[in-house]
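Visitor:
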């Protein structure tokens with residue numbers, strides 16, 4: 724991991740559906756903020772995910788990722804930050 728940065732121009736909204744016991748997270752991240760110049764058909768490999776905390780918000784109970792299904796390990800920040808390229812998926816940009 725080269726760096727971690729807060730992107731002030733990123734917009735993230737979480738919508739909770741308590742009766743359905745689920746939520747939806749929408750993220751709008753200006754790709755220029757990531758240093759990406761997009762062209763039609765650009766394909767990158769990567770993954771993104773979320774950590775789920777306990778009711779107090781003090782401890783991580785679960786990690787889930789879009790593509791990496793080997794995410795059963797929790798409470799170990801060293802491994803939570805470890806890059807797993809073999810478990811990444813393809814992200815294809817289209818107009």
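Residue numbers (my numbering): 724 to 818.
Note that beta-carbon positions come from the ideal geometry of N, C-alpha and C, so glycine has one too.
If contacts are defined as beta-carbon pairs under 8 Å, then residue 810 and residue 790 qualify, I think. What distance do you get, rounded to the angstrom?
Guide: Going by Cβ atoms, the distance from residue 810 to residue 790 rounds to 6 Å, so yes, they are a contact pair.
Visitor: Leaving out five residues before and five after residue 725 in sequence, what residues of the same chain have Cβ atoms less than 7 Å from its Cβ?
Guide: Hits under 7 Å: none found.
Visitor: Can you list, in chain order, the residues of its chain with a C-beta nearer than 6 Å to that of residue 751? Leave out the 5 residues immediately preceding and following it.
Guide: Cβ neighbours of residue 751 beyond the five flanking positions: 734.
Visitor: Measure from the alpha carbon of residue 812 to the alpha carbon of each residue in 771, 775, 781, 785, then state which is nearest.
Guide: Nearest option by C-alpha distance: 771.
Visitor: Name the DSSP bridge partner or partners of residue 764?
Guide: BP columns for residue 764 are empty, so no partner.
Visitor: Reducing DSSP to helix, strand and coil, say where residue 751 ends up.
Guide: Residue 751: strand per DSSP, three-state reduction.
Visitor: Measure from the alpha carbon of residue 737 to the alpha carbon of each residue in 749, 787, 786, 783, then state which is nearest.
Guide: Of the candidates 749, 787, 786, 783, the one whose C-alpha sits nearest the C-alpha of residue 737 is 749.
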